[in-house]
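Residue numbers (the working numbering), protein chains in the order written: chain A, 1 to 115; chain B, 116 to 229. Glycine included, each C-beta is placed from N, C-alpha and C at the ideal position. Working notes, structure below.
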Amino acid sequence: GAGVSQSPRYKVAKRGQDVALRCDPISGHVSLFWYQQALGQGPEFLTYFQNEAQLDKSGLPSDRFFAERPEGSVSTLKIQRTQQEDSAVYLCASSLGRGGPGEQYFGPGTRLTVT
Amino acid sequence: GENVEQHPSTLSVQEGDSAVIKCTYSDSASNYFPWYKQELGKRPQLIIDIRSNVGEKKDQRIAVTLNKTAKHFSLHITETQPEDSAVYFCAASPFSGGYQKVTFGTGTKLQVIP
């Protein structure tokens, strides 16, 4: 079946622009995660959804970052008034979310470059 | 919150030799420890994971050991091959009430020299 998909794959934004990044998780996966991965670093947790409920947003770096998953499937990460330090790869991952801890399946990521 | 440290940051081995990557974690509530492999420009992919109720798990050339008392776990790759070259991330996660928050290490870049 289809894996996790993300769009766009690449985004160049001028500083101050708003961007929206989309994630399509694996069908039926309850849990959805967003991560930020800077060059040469591990993925850093941003936020977590269980179905449509955002249960943890402790990793969002500022109030310019906002995420939603209104129908419990597709999720959007929005960054307002982008800054250069927002340049990174944004990874989405989904997992079954039932029956104990398990594999998180990652999407290909969106590489955001803020100029 | 959880803090995961990973060593070494880079590792070069000759093809056929073994590679070992070590990680420590801080949160005693963590009970799930996955390892991900990320090739250049690609997404992270799970290669092996271990839960806290076991001390060792093996899958062909890959094995992971866990010492809960010392809060450290290691990845062992035997008979390395050039296609093992990638960045490897360890991670730790407490799992409670259906919520699994994974904290990643900073990665180890493994180079297997033919």
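#### Entry: Where A/P70 falls: helix, strand or coil (DSSP)
Counting from one through the first sequence, the residue named residue 70 of chain A turns up at place 70. Reduced to three states, the DSSP call for A/P70 is coil.
### Query
Tell me, which residues are paired with A/P131 by DSSP?
Lying outside 1 to 115, the shown extent of chain A, residue 131 of chain A is not represented and no answer is given.
### Cβ pair B/N230, B/P209 closer than 8 Å
This structure cannot speak to residue 230 of chain B, because chain B is shown only from 116 to 229.
### Message
In this structure, how does DSSP classify B/P149 when only helix, strand and coil are distinguished?
### Response
To locate residue 149 of chain B, count along the second sequence from 1; it is residue 34. Residue state, collapsed to three classes: strand.
### Task
Would you check if the distance between the CB atom of A/C23 and the CB atom of A/S75 is smaller than 8 Å?
In the first sequence, residue 23 of chain A corresponds to position 23, counting from 1. In the first sequence, residue 75 of chain A corresponds to position 75, counting from 1. For A/C23 and A/S75, yes; Cβs fall inside 8 Å.
### Query
Just how far apart, CA to CA, sit B/Q215 and A/E85?
Translated into positions along the second sequence, residue 215 of chain B becomes position 100. Translated into positions along the first sequence, residue 85 of chain A becomes position 85. Going from the Cα of B/Q215 to the Cα of A/E85 covers about 27 Å.
### Query
Straight-line CA distance for B/S143 to B/T218?
Reading the second sequence from its first residue, position 28 is the one you call residue 143 of chain B. Reading the second sequence from its first residue, position 103 is the one you call residue 218 of chain B. Roughly 13 Å separates the two Cα atoms.
### Message
Run through chain A and tell me which residues come within less than 7 Å of B/L161, C-beta to C-beta.
### Response
Locating residue 161 of chain B in the second sequence gives position 46, counting from the first residue. Neighbours of B/L161 on chain A, chain order: E103.
### Task
Would you verify that the beta carbon of B/F188 is, or is not, closer than 8 Å to some beta carbon of chain A?
In the second sequence, the residue the question calls residue 188 of chain B occupies position 73. Not an interface residue.
### Query
What is the rounded straight-line gap between the Cα of B/P123 and the Cα of A/T110?
By one-based count along the second sequence, residue 123 of chain B stands at place 8. By one-based count along the first sequence, residue 110 of chain A stands at place 110. Between B/P123 and A/T110, the C-alpha separation is close to 28 Å.
### Query
Which residue spans inside the region 140–205 of chain B form an unbroken beta strand (DSSP E) run of at least 3?
147–153, 160–166, 171–174, 177–182 and 187–192
### Query
For B/Y140, which residues in chain A fall below 9 Å Cβ to Cβ?
Reading the second sequence from its first residue, position 25 is the one you call residue 140 of chain B. Result: empty, since nearest Cβ-Cβ is about 13 Å, beyond 9 Å.
#### Entry: Short CB-CB distance (under 8 Å) between A/G109 and chain B
For the purposes of this step, residue 109 of chain A is taken as residue 109 along the first sequence, with counting starting at 1. True, the Cβ-Cβ gap to chain B drops below 8 Å.
#### Entry: For A/Q80, the three-state DSSP class (helix, strand or coil)
Your numbering for residue 80 of chain A matches position 80 in the first sequence. A/Q80: coil per DSSP, three-state reduction.
### Task
Answer with buried or exposed for B/D199, where buried requires no fewer than 16 other C-beta atoms within 10 angstroms of its C-beta.
The residue you call residue 199 of chain B lines up with position 84 of the second sequence. Flag for B/D199 reads buried.
### Task
Leaving aside the five residues before and after B/C205 along the sequence, list all residues of the same chain whose C-beta is less than 6 Å from its C-beta, in chain order.
Your numbering for residue 205 of chain B matches position 90 in the second sequence. Closer than 6 Å at Cβ, skipping near neighbours: Q121, C138, W150 and G220.
### Query
Per DSSP, which one or two residues make a beta bridge with A/R111?
The residue you call residue 111 of chain A lines up with position 111 of the first sequence. Paired residues: A/Y10 and A/V89.
### Query
Just curious, the beta strand (DSSP E) that A/H29 is in, first and last residue?
Here residue 29 of chain A refers to the residue found at position 29 of the first sequence. Careful: A/H29 lies outside any beta strand (DSSP E) and carries neither H nor E.
### Query
Who are the Cβ neighbours of B/E194 in its own chain at under 7 Å, not counting the five residues just before and after it?
Translated into the one-based positions of the second sequence, residue 194 of chain B becomes position 79. So the qualifying residues of the chain are G131 and R176.
### Task
For the region 165–199 of chain B, enumerate the residues whose C-beta is nearer than 9 Å to any C-beta of chain A, in chain order.
R166
### Query
Going by the C-beta, is A/R69 closer than 7 Å to any heavy atom of the ligand ATP?
As presented, the structure is devoid of all ligands, the ligand ATP included, so that no description of it is given.
#### Entry: Own chain partners of B/G222 with C-beta closer than 6 Å, once the 5 adjacent residues on each side are dropped
Start at 1 with the first residue of the second sequence, and residue 222 of chain B comes out as number 107. Taken in chain order, the residues that qualify are V202 and F204.
### Query
Applying the criterion that 16 or more other CB atoms from any shown protein chain within 10 Å of the CB defines a buried residue, is A/Y105 buried or exposed?
Reading the first sequence from its first residue, position 105 is the one you call residue 105 of chain A. Under this definition A/Y105 is a buried residue.
### Query
Where does A/Q17 sit, in a helix, a strand or coil, going by DSSP?
As a first step, residue 17 of chain A is located in the first sequence; it is residue number 17 there, counting from the start. Coil.
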